[in-house]
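Anchor point for the sequence shown: position 31 equals 309 in the numbering used here, and the numbering is continuous, going up by one each time.
For every residue, glycine included, the Cβ atom is placed at its ideal position computed from N, Cα and C.
On a predicted model such as this, the values are computed, not experimentally measured, just so you know.
So the structure is just underneath, and the comments pick up after that.
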Amino acid sequence: MNAKPGFTDYIVKDISLADFGRKEISLAETEMPA
């Protein structure tokens, strides 16, 4: 993969895991607020 400098888009390998990821981030934010 040839990414240009400043390239910020990412390829999602398995979009079905998005809900799980959001849940994990939400849990982490409440357990360890920054």
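Just the C-alpha distance for residue i and residue j, rounded to the nearest angstrom, thanks.
i      : j      : result
Arg300 : Thr286 : 20 Å
Glu302 : Met310 : 12 Å
Ile289 : Asp297 : 16 Å
Just verifying my parser: in three-state terms, what is the DSSP assignment at residue i?
i      : result
Ile293 : helix
Thr286 : coil
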